[in-house]
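Visitor: Have a look at this one before I ask anything.
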Amino acid sequence: MTDATASLDPFLTAFRGSFTSALRWPQLDALWDRVRASADAGWYLYAVGEPPPVAPADAAQVLTFVAEIDALLRAEHDEDYCGIVYADEPSCPALIKIYDPHNLGVSCGSSTNPPLPGWVMSLLPPCDLPASRAAPNNRRRWWKRLFH
665 MTDATASLDP
675 FLTAFRGSFT
685 SALRWPQLDA
695 LWDRVRASAD
705 AGWYLYAVGE
715 PPPVAPADAA
725 QVLTFVAEID
735 ALLRAEHDED
745 YCGIVYADEP
755 SCPALIKIYD
765 PHNLGVSCGS
775 STNPPLPGWV
785 MSLLPPCDLP
795 ASRAAPNNRR
805 RWWKRLFH
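Mapping the sequence shown onto this note's numbering, position 103 (from 1) lands on 767, and the numbers just tick up by one.
What follows is the structure in C-alpha coordinates.
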(Lines of atoms letter the chains of each structure in order from A; the text may use other names.)
(Lines give C-alpha, C1' and ligand atoms only; values in the text may rest on other atoms or scores of the structure.)
Protein backbone atom coordinates (compact mmCIF):
# COMPACT_ATOMS: atom_id res chain seq x y z
CA MET A 665 0.00 0.00 0.00
CA THR A 666 1.46 3.35 -1.01
CA ASP A 667 1.56 6.34 1.31
CA ALA A 668 -1.11 8.05 -0.82
CA THR A 669 -3.37 5.00 -0.60
CA ALA A 670 -2.69 4.63 3.11
CA SER A 671 -3.69 8.23 3.79
CA LEU A 672 -7.13 7.48 2.29
CA ASP A 673 -7.72 4.30 4.30
CA PRO A 674 -9.99 5.11 7.28
CA PHE A 675 -8.53 2.26 9.35
CA LEU A 676 -4.92 3.40 8.84
CA THR A 677 -5.88 6.99 9.58
CA ALA A 678 -7.48 5.87 12.86
CA PHE A 679 -4.63 3.45 13.62
CA ARG A 680 -2.08 6.26 13.29
CA GLY A 681 -4.15 8.61 15.43
CA SER A 682 -3.91 9.51 19.09
CA PHE A 683 -4.33 6.80 21.75
CA THR A 684 -4.57 6.68 25.53
CA SER A 685 -3.07 3.88 27.58
CA ALA A 686 -4.99 1.89 30.15
CA LEU A 687 -2.10 2.48 32.50
CA ARG A 688 -3.59 0.80 35.57
CA TRP A 689 -5.47 -2.48 35.74
CA PRO A 690 -8.70 -0.77 36.93
CA GLN A 691 -8.56 1.41 33.79
CA LEU A 692 -8.33 -1.75 31.70
CA ASP A 693 -11.29 -3.21 33.60
CA ALA A 694 -13.32 -0.08 32.76
CA LEU A 695 -12.29 -0.31 29.09
CA TRP A 696 -13.32 -3.97 28.93
CA ASP A 697 -16.67 -3.06 30.54
CA ARG A 698 -17.27 -0.58 27.71
CA VAL A 699 -16.31 -3.16 25.09
CA ARG A 700 -18.55 -5.80 26.69
CA ALA A 701 -21.44 -3.31 26.62
CA SER A 702 -20.84 -2.83 22.89
CA ALA A 703 -20.03 -6.47 22.06
CA ASP A 704 -22.61 -6.49 19.28
CA ALA A 705 -21.39 -3.20 17.73
CA GLY A 706 -19.43 -4.90 14.94
CA TRP A 707 -15.95 -5.31 16.39
CA TYR A 708 -13.27 -6.66 14.08
CA LEU A 709 -10.76 -8.81 15.99
CA TYR A 710 -7.39 -8.85 14.30
CA ALA A 711 -4.23 -10.74 15.27
CA VAL A 712 -1.46 -8.78 13.54
CA GLY A 713 0.50 -11.15 11.33
CA GLU A 714 -2.61 -13.16 10.45
CA PRO A 715 -4.87 -12.17 7.55
CA PRO A 716 -7.19 -9.35 8.66
CA PRO A 717 -10.79 -10.38 9.25
CA VAL A 718 -13.26 -9.74 6.45
CA ALA A 719 -16.28 -9.60 8.75
CA PRO A 720 -16.85 -8.39 12.29
CA ALA A 721 -16.95 -10.88 15.13
CA ASP A 722 -20.27 -11.72 16.71
CA ALA A 723 -21.00 -10.66 20.29
CA ALA A 724 -20.08 -14.08 21.71
CA GLN A 725 -16.69 -13.98 19.97
CA VAL A 726 -16.02 -10.48 21.30
CA LEU A 727 -16.88 -11.53 24.84
CA THR A 728 -14.69 -14.64 24.54
CA PHE A 729 -11.80 -12.60 23.15
CA VAL A 730 -12.02 -10.00 25.92
CA ALA A 731 -12.05 -12.70 28.60
CA GLU A 732 -9.15 -14.59 27.02
CA ILE A 733 -6.94 -11.58 26.22
CA ASP A 734 -7.52 -10.17 29.71
CA ALA A 735 -6.46 -13.49 31.26
CA LEU A 736 -3.40 -13.67 28.98
CA LEU A 737 -2.31 -10.10 29.80
CA ARG A 738 -2.72 -10.55 33.55
CA ALA A 739 -0.84 -13.87 33.50
CA GLU A 740 2.03 -12.78 31.28
CA HIS A 741 2.47 -9.07 32.05
CA ASP A 742 3.73 -9.54 35.59
CA GLU A 743 3.60 -5.88 36.61
CA ASP A 744 1.48 -3.89 39.04
CA TYR A 745 0.40 -1.73 36.10
CA CYS A 746 -1.09 -2.50 32.70
CA GLY A 747 0.18 0.09 30.20
CA ILE A 748 0.06 -2.20 27.15
CA VAL A 749 -3.52 -1.61 25.98
CA TYR A 750 -4.32 1.63 24.18
CA ALA A 751 -7.70 2.99 23.08
CA ASP A 752 -8.46 5.84 20.72
CA GLU A 753 -11.15 7.09 23.10
CA PRO A 754 -11.30 5.16 26.38
CA SER A 755 -14.81 6.38 27.25
CA CYS A 756 -16.19 5.28 23.86
CA PRO A 757 -13.56 3.14 22.10
CA ALA A 758 -13.63 2.45 18.37
CA LEU A 759 -10.06 1.18 18.00
CA ILE A 760 -7.97 -0.63 20.61
CA LYS A 761 -4.33 -1.70 20.29
CA ILE A 762 -3.21 -4.57 22.53
CA TYR A 763 0.53 -5.18 22.79
CA ASP A 764 1.95 -8.62 23.36
CA PRO A 765 3.74 -8.71 26.74
CA HIS A 766 6.58 -10.64 25.08
CA ASN A 767 7.12 -8.17 22.20
CA LEU A 768 6.89 -4.76 23.78
CA GLY A 769 9.90 -2.80 22.62
CA VAL A 770 8.78 0.80 23.03
CA SER A 771 5.02 0.56 22.57
CA CYS A 772 4.30 4.17 23.52
CA GLY A 773 5.38 5.39 20.08
CA SER A 774 8.31 7.50 21.21
CA SER A 775 10.60 5.17 19.30
CA THR A 776 11.29 5.89 15.63
CA ASN A 777 10.19 2.33 14.89
CA PRO A 778 7.69 1.21 17.54
CA PRO A 779 6.47 -2.39 17.38
CA LEU A 780 3.05 -3.16 16.03
CA PRO A 781 0.48 -4.38 18.52
CA GLY A 782 -0.16 -8.08 18.79
CA TRP A 783 -3.92 -7.61 18.46
CA VAL A 784 -6.29 -4.90 17.31
CA MET A 785 -9.98 -4.45 18.04
CA SER A 786 -11.64 -2.07 15.62
CA LEU A 787 -15.07 -0.92 14.57
CA LEU A 788 -13.54 -0.17 11.15
CA PRO A 789 -12.55 -3.03 8.83
CA PRO A 790 -8.77 -3.43 9.29
CA CYS A 791 -6.25 -3.57 6.50
CA ASP A 792 -3.25 -5.87 6.59
CA LEU A 793 -0.54 -4.60 8.93
CA PRO A 794 2.77 -6.28 8.25
CA ALA A 795 4.03 -8.00 11.36
CA SER A 796 7.32 -6.60 12.59
CA ARG A 797 8.27 -10.16 13.35
CA ALA A 798 6.47 -13.45 13.03
CA ALA A 799 4.17 -14.25 15.91
CA PRO A 800 5.50 -17.04 18.12
CA ASN A 801 3.83 -20.40 17.58
CA ASN A 802 2.20 -20.32 21.02
CA ARG A 803 0.46 -17.03 20.11
CA ARG A 804 -0.65 -18.39 16.77
CA ARG A 805 -2.07 -21.53 18.47
CA TRP A 806 -3.82 -19.33 21.06
CA TRP A 807 -5.48 -17.26 18.32
CA LYS A 808 -6.48 -20.30 16.27
CA ARG A 809 -7.95 -21.98 19.36
CA LEU A 810 -10.20 -18.95 19.85
CA PHE A 811 -11.51 -18.51 16.32
CA HIS A 812 -10.68 -21.42 14.05
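For each residue, glycine too, the CB sits at the ideal point set by N, CA and C.
What you are looking at is a predicted structure, and each value in this text was computed from that prediction instead of being measured.
Taking the alpha carbon of residue 704 as the reference point, which residue from 787, 733, 673 has its own alpha carbon closest?
Guide: Comparing Cα-Cα distances from residue 704 to each of 787, 733, 673, the minimum goes to 787.
Visitor: Which residues does DSSP pair with residue 751 in a beta bridge?
Guide: DSSP output for residue 751 lists 684, 760 as bridge partner(s).
Visitor: Quick one, are the C-beta atoms of residue 725 and residue 709 less than 8 angstroms apart?
Guide: Yes, these two residues count as a Cβ contact at 8 angstroms.
Visitor: Rounded to the nearest angstrom, how far is the Cβ of residue 754 from that of residue 711, given a contact under 8 angstroms?
Guide: With 8 angstroms as the limit, residue 754 and residue 711 do not qualify as a contact, their Cβ atoms being about 22 angstroms apart.
Visitor: List the DSSP bridge partners of residue 726.
Guide: The partner list for residue 726 (beta bridge, DSSP) is empty, contrary to what the question assumes.
Visitor: With a Cβ-Cβ cutoff of 8 angstroms, do residue 759 and residue 678 count as a contact?
Guide: Cβ atoms of residue 759 and residue 678: closer than 8 angstroms.
Visitor: Residues in the same chain with beta-carbon distance under 7 angstroms from residue 674, minus the five sequence neighbours each way, listed in chain order, please.
Guide: Same-chain partners within the cutoff: 788.
Visitor: Relative to the C-alpha of residue 701, which residue among 730, 717, 713, 791 is closest?
Guide: Taking only the C-alpha atoms, the option nearest residue 701 is 730.
Visitor: Please list the terminal residues of the continuous beta strand (DSSP E) segment that includes residue 783.
Guide: Element bounds for residue 783: 783-786.
Visitor: Which class does residue 705 belong to by DSSP, given the choice of helix, strand or coil?
Guide: Residue 705 falls in the coil class under three-state DSSP.
Visitor: In terms of alpha-carbon separation, which member of 734, 739, 715 lies closest to residue 695?
Guide: Checking every option, the nearest Cα to that of residue 695 belongs to 734.
Visitor: Considering just the uninterrupted stretch of the alpha helix (DSSP H) at residue 676, what are its terminal residues?
Guide: Element bounds for residue 676: 674-679.
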